[in-house]
Amino acid sequence: MRRFLLCAVLGIILATAIIPSFKGEDTEPYVEKLGRLIRLSRLQTVRDDDFGFSFKCPTCFHADEYDSIPSHFRYVIYPPSIYRDAEGEVELECYASINNEGLTLQLLADSIEKQVHPSSRKMLEDGFIVAGPLYMEGSRIPGHYFYAKYVMRQKAVFVYSISYPEGYDSALERVKNLIDEWQP
């Protein structure tokens with residue numbers, strides 16, 4: 004009788020471990036799949052002829068066809084609807100603008116800080132990196148964050164940024180490294 008109960012319990016445990024794999028159920032979290040996709044994707048170089056800058060972007064990001072602003076590039080990854088644990092899109096942007104106000108690097112950093120409310124800021128020789136919760140038009144977007152690099156060259160300001168759902172930091176490590184190393 005004990006053997007029968009032991010065999011039955013072991014059989015149930017084995018069945019619950021094996022049956023999901025036969026059904027094709029995927030238990031790997033979306034954020035891990037996204038991280039692997041970004042790490043394994045080739046890099047494409049995107050160039051802007053108006054301001055003469057370029058940036059590298061993993062090929063798994065898709066260009067936003069609705070972005071028609073000159074010298075403004077927007078790339079996104081939309082999670083497939085089959086991933087219930089996916090929290091939203093990852094948006095990568097790179098653009099340039101003229102520094103019409105003639106702001107110094109420090110004044111630009113202070114101005115940007117008032118707009119985006121970063122939780123961290125790192126000053127560089129020719130720019131700065133900011134990161135923190137994502138704000139749009141003065142309101143915090145719950146559960147979303149951003150990471151951005153601003154670079155000043157002559158009378159132009161160049162920006163390379165990414166916004167993403169909370170908990171995606173590890174998946175976006177490669178993109179953050181691209182942003183850190185970027186020189187327009």
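In the numbering used here, the protein residues as written are 4 to 187. We put the CB at the ideal spot given by N, CA and C, even for glycine.
Contact belief for residue i with residue j at Cβ below 8 Å, rounded distance in angstroms
| i | j | result |
| --- | --- | --- |
| F56 | A99 | 6 Å |
| I115 | D183 | No, I115 and D183 are not in contact; Cβ-Cβ is about 17 Å, not under 8 Å. |
| L40 | C63 | 5 Å |
Outcome for residue i when other beta-carbon atoms lying within 10 angstroms are tallied against a minimum of 16
| i | result |
| --- | --- |
| E169 | exposed |
| H65 | exposed |
| P73 | exposed |
| Y171 | buried |
| L17 | For L17, the predicted model reports a pLDDT of 48, less than 50, meaning its position is unreliable; a value from the coordinates is still stated below. The residue in question, L17, is exposed, as its Cβ has fewer than 16 Cβ neighbours within 10 Å. |
| L43 | exposed |
| Y167 | buried |
| Y148 | buried |
| P83 | exposed |
First through last residue of the alpha helix (DSSP H) which encompasses residue i
| i | result |
| --- | --- |
| Q109 | L108 to V119 |
| L137 | Taken as a continuous stretch (DSSP letters only), L137 belongs to no alpha helix (DSSP H), being part of the beta strand (DSSP E) at G130 to M139. |
| R156 | Run containing R156: none in the alpha helix (DSSP H); it sits in the beta strand (DSSP E), S142 to R156. |
| I165 | First-last for I165: A159 to P168, but that is the beta strand (DSSP E), not the alpha helix (DSSP H). |
Proximity of residue i and residue j at Cβ, strictly below 8 Å
| i | j | result |
| --- | --- | --- |
| V162 | P61 | no |
| I165 | L95 | yes |
| K158 | I101 | yes |
| G130 | Y153 | yes |
| I80 | E90 | no |
| L108 | M155 | yes |
Residue range of the unbroken beta strand (DSSP E) whose run includes residue i
| i | result |
| --- | --- |
| R50 | L46 to D51 |
| I80 | H75 to I80 |
| E1 | With the chain represented from 4 up to 187, any question about residue 1 goes unanswered, as that position is not in the structure. |
| C60 | F56 to P61 |
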